[in-house]
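Everything on this sheet refers to the single structure shown next.
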Amino acid sequence: MQRNYARAKGAVATKPYTLLRQALTRTDRVAVVKYALRGRERLGLLRPVGEALSIQGLHWDDEIRSPAELAPPETDVSEKEIEGALTLMETMTVDSLTDLDVTDHYTEALTEVIEAKAEHRQPAAPEAERGEAAPVVDLMAALEASVAKAKESRGESGGPATVHEMPKPKKTAAKKTTAKKTAAKKTAAKKTTRRKTA
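Residues in the sequence shown are numbered consecutively from 383, following my numbering.
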């Protein structure tokens, strides 16, 4: 998202600008707005940043390609997994936008590389190379570990996350029968093809 700062032009605009900024700050809200830029109407997210208002550009519906080709194949998700995801979301929720970590780590790393080259030294190793990532056993284990870590970082008490083995799906008699019928049809189709070619 592109971010620009909205300006109050002239003495007449100063009071409404300040009023809107203070109202958004006090209620800890953001606003979705339409604005004109380069001869075109655009959509944006307006929020207070310090003593100014910031507009972050958003896309119109027709500017976003269909996600159908990107969607993963359908998969079964258990109720326990959904509850684990909801618990994780709850522990990661913040009370204010100022509590979010919105640091541009890419730019920080790039700046470090440029400064290191200018000073003829090796840049600091990336965070990923400093520590080893823990192996993920399954989705439930990852969710439970994330919930425990989030609670620990907030100072909430709670026992360690537990790992549960996921039950393997049982094949039903109907699936076995369908598989046998499909195999029989394939065999019959091969025999028909051989007769035609002979």
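Heads up, the beta-carbon is just placed ideally off N, CA and C, and yes, glycines get one too.
- Secondary structure at Val459: coil, using DSSP grouped into helix, strand and coil.
- Distances from the CA of Ile464 to each of Gln438, Glu526 and Asp486 were compared; the closest alpha carbon is that of Glu526.
- One Cα belongs to His441, the other to Glu461, and the distance between them is close to 34 Å.
- Looking at the DSSP output, Arg422 sits in a beta bridge with Leu419.
- Check the Cα spacing between Ser478 and each of His487, Val529, Arg411 and Glu497: the tightest is with Arg411.
- When secondary structure is reduced to three states using DSSP, Ala453 falls in the coil class, being assigned neither helix nor strand.
- Taking 8 Å as the cut-off, the Cβ atoms of Ser528 and Leu470 count as close.
- Under a 10 Å Cβ-count criterion, Pro398 is classified as exposed, with fewer than 16 other Cβ atoms of the shown protein chains found around its own Cβ.
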